[in-house]
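Notes to accompany the following structure.
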Amino acid sequence: MEALADLGSAWRWALGLAIAFPVALLALNELAFAWMRAGRPTVSSVRFVRSWVLPALVLVLFLRNVSGLPPAGLWVRLSMTLFWVLVVMAVLGALNTIIFEQAAAGSWQARVPKLLRDLVRLLLVATAGALVYSFVWDKDLSGALAAVGVTSIVVGLALQEPLGNLFSGLMLLMERPFEVGDTVEVAGASGQVKEVNWRSAHIKSARGVVQIVPNSTLNKEIIRNYSRPRPIRMEEIDVAFGFEHPPNVVREALLEVAHGTPGVLSQPAPIAATLDYGDSSIKYRLIYRTTEDDRWPVRNEVVTRIWYVAKRRGLTMPYPVVSQINFEGGRPFGPHEPTAVERLRELAGMPDLPSEAGEVRALSFARDEVVFEEGTDLQGVYLLVKGSVGLQVRVQGEGHPIGVVSPGEYFGEQGMYGVQPAEMRAVAMRDCEVLWMSSETVRGLFEANPRLARESSQVLEVRRRAMQATRQAARRE
Numbered sequence: 291m292e293a294l295a296d297l298g299s300a301w302r303w304a305l306g307l308a309i310a311f312p313v314a315l316l317a318l319n320e321l322a323f324a325w326m327r328a329g330r331p332t333v334s335s336v337r338f339v340r341s342w343v344l345p346a347l348v349l350v351l352f353l354r355n356v357s358g359l360p361p362a363g364l365w366v367r368l369s370m371t372l373f374w375v376l377v378v379m380a381v382l383g384a385l386n387t388i389i390f391e392q393a394a395a396g397s398w399q400a401r402v403p404k405l406l407r408d409l410v411r412l413l414l415v416a417t418a419g420a421l422v423y424s425f426v427w428d429k430d431l432s433g434a435l436a437a438v439g440v441t442s443i444v445v446g447l448a449l450q451e452p453l454g455n456l457f458s459g460l461m462l463l464m465e466r467p468f469e470v471g472d473t474v475e476v477a478g479a480s481g482q483v484k485e486v487n488w489r490s491a492h493i494k495s496a497r498g499v500v501q502i503v504p505n506s507t508l509n510k511e512i513i514r515n516y517s518r519p520r521p522i523r524m525e526e527i528d529v530a531f532g533f534e535h536p537p538n539v540v541r542e543a544l545l546e547v548a549h550g551t552p553g554v555l556s557q558p559a560p561i562a563a564t565l566d567y568g569d570s571s572i573k574y575r576l577i578y579r580t581t582e583d584d585r586w587p588v589r590n591e592v593v594t595r596i597w598y599v600a601k602r603r604g605l606t607m608p609y610p611v612v613s614q615i616n617f618e619g620g621r622p623f624g625p626h627e628p629t630a631v632e633r634l635r636e637l638a639g640m641p642d643l644p645s646e647a648g649e650v651r652a653l654s655f656a657r658d659e660v661v662f663e664e665g666t667d668l669q670g671v672y673l674l675v676k677g678s679v680g681l682q683v684r685v686q687g688e689g690h691p692i693g694v695v696s697p698g699e700y701f702g703e704q705g706m707y708g709v710q711p712a713e714m715r716a717v718a719m720r721d722c723e724v725l726w727m728s729s730e731t732v733r734g735l736f737e738a739n740p741r742l743a744r745e746s747s748q749v750l751e752v753r754r755r756a757m758q759a760t761r762q763a764a765r766r767e
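Residues in the sequence shown are numbered consecutively from 291, following the working numbering.
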């Protein structure tokens, strides 16, 4: 009778599993599909339960209640061990998704490092494994703990460096000297932190090379974090100019470069300092601030524009060498560099200029450098020799293009009648060479060539209409 009762119980369990398993599988499928359409991250946990936990549970119930195997048998215990391991994995995965992956940016969950989460997960898995070992296999943990203690000593001696990196990583997590995304410099590596794990930190340099620094090295070296408290970096550029130039003139030119370069922060204000007297020059230092992301583009632009400003102002950068060159007197040495007046005479359609016709200066401008701003007092006219210049007007703080000046054309024509404010802004679109002519020079040109005066008034009228149309269109927008 007892055997018949056991057989009937086994059949009832088999029938129940045959009905309940497909129903539960169908329910989990529908739940996963609904959560997937809703965009819930926990859908992965539901799929894991459907694909692994539920079949493992059915296997345990089948072996215990249907197959007739003893409850303490090997296969039953193996199936129970597998089931509880899968349950722990499902619970930890769901908690990680709910607590950390759905966390809002800036919350405490989002600031918890991945390394710390992995260590806590490892500790929980080890604890769950010990409990399964004790309750499923009916084993005493005291002997296992003693064996683990001896093994841990041996493993610790054999893995001193990896364990040192692990505990150094824990110390870094507690102190948090940098975050992923910060720009740091440590142990000869400089760049942006891309990853921090149990062993090392991955730092990507400006050249795109990923440098892997062990945590033990990070724990010993000085860490320079350029992203804290603000991602602002101070840059220093040292230059030298000749003794013939007054220091205040040079410092004014350097500050002009700093104030006119996009990306240089106005606060704190740039500083141009006189450093020292060398053998052949006076040394200067330009100090400015910029954001960490713009560090190299801004530095490149500042260094480039120093050359153009120095050339426009006639500032020389002497070489720290002495050269003795012998050549026959009376004969020019090297190619002849035409003066500004000679270059003006060479341009097509320009009459000869007497030497006393006024003032003409040759100027050079770098790409994207401002020739003059809207509202600046103009004391002459600019003639473009090489490159291209864009003309803009500002409406509500934004620049709107109105035309492009080509070589042989002039601009800044408001200055031909004396000191007048510029009605537009001129920006070099490429490296440019420009002749600046004083109002006296322009009047001499007009007196010698009335046709040029008529063409000038026509160009002035065309640009004025274009400027007015651009202003009206911008205001309507």
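Backbone N, C-alpha and C define an ideal beta-carbon position, used for all residues, glycine too.
Environment of residue i [buried if 16+ CB atoms lie within 10 Å]
| i | result |
| --- | --- |
| T731 | buried |
| W301 | exposed |
| L673 | buried |
| T564 | exposed |
| A491 | buried |
| Q748 | exposed |
| P644 | With a pLDDT of 49 at P644, under the threshold of 50, the modelled position of this residue cannot be trusted, and the question is left open. |
| R595 | buried |
| Y567 | exposed |
| N590 | exposed |
Neighbourhood of residue i by C-beta distance below 7 angstroms, restricted to the same chain and skipping five residues each side
| i | result |
| --- | --- |
| M757 | V683, I692, E713 and M714 |
| L368 | none |
| K676 | P697, C722 and E723 |
| L742 | L735 and F736 |
| I513 | P467, F468, V474 and V476 |
| A384 | T332 and S335 |
| L605 | F531, H535, V540 and A543 |
| N319 | R340 |
| G689 | Q682 and R715 |
Sheet register partners of residue i (DSSP bridge)
| i | result |
| --- | --- |
| R733 | None; R733 has no bridge partner. |
| V356 | None, per the DSSP bridge assignment. |
| S728 | G670 |
| V500 | K494 |
| Q682 | P691 and R715 |
| T815 | Outside the displayed span of the chain (291 to 767) sits residue 815, for which this structure offers no information. |
| G481 | V474 |
| N515 | V474 |
| T760 | Beta-bridge pairing links T760 to no other residue. |
| F701 | Y672 |
| T564 | Y574 |
| E745 | For E745, which the question treats as bridged, DSSP gives no partner whatsoever. |
| E723 | S654 and K676 |
| Q710 | L668 |
| A530 | K573 |
Residue i: CB within 7 angstroms of a non-hydrogen atom of the ligand FMN
| i | result |
| --- | --- |
| E526 | The ligand FMN is not part of this structure, which contains no ligands at all. |
Contacts around residue i, its chain only, beta-carbon distance under 6 angstroms, and the 5 residues preceding and following it disregarded
| i | result |
| --- | --- |
| Y423 | K429 |
| K601 | S654 |
| A346 | L372, F373 and L376 |
| W303 | N355 and V356 |
Limits of the unbroken beta strand (DSSP E) element including residue i
| i | result |
| --- | --- |
| T473 | T473 to V476 |
| M370 | No beta strand (DSSP E) holds M370; the alpha helix (DSSP H) holding it covers L364 to N386. |
| V661 | V660 to F662 |
| V650 | V650 to F655 |
| A559 | Careful: A559 lies outside any beta strand (DSSP E) and carries neither H nor E. |
Contacting residues, own chain, Cβ-Cβ under 8 angstroms from residue i (five flanking each side not counted)
| i | result |
| --- | --- |
| V554 | A548, P560, Y578, R579, T580, V588 and V592 |
| T371 | V422, V426 and W427 |
| L294 | With a pLDDT of only 44 at L294, under the threshold of 50, the placement of this residue in the model should not be trusted, and no figure is reported. |
| D584 | G553 |
| E485 | V470, A491 and H492 |
| G670 | E649, G702, G705, M706, W726, M727, S728, S729, T731 and V732 |
| V343 | F373, L376, V377 and A380 |
| L449 | Any reading at L449 must be qualified, since the residue scores a pLDDT of 46, below 50, and its modelled position is unreliable; the value itself is stated next. If we look at L449 and ignore the five residues flanking it on each side, it has no Cβ neighbours. |
| W325 | T332, V333 and V336 |
| L414 | V378 and L382 |
| A479 | I493, S495, Q501 and V503 |
| L307 | V348, L351, F352 and V356 |
| A418 | W374, V375 and V378 |
| R603 | V539 and A543 |
| S571 | A530, F531, G532, F533, M607, P608 and P610 |
Opening and closing residue of the alpha helix (DSSP H) in which residue i lies
| i | result |
| --- | --- |
| K510 | N505 to K510 |
| L545 | P537 to G550 |
| R489 | From DSSP, R489 is part of no alpha helix (DSSP H); its letter is neither H nor E. |
| F338 | V333 to F338 |
Min CB distance residue i to chain D below 8 angstroms
| i | result |
| --- | --- |
| G471 | Absent from the structure is chain D; it holds one protein chain and no more. |
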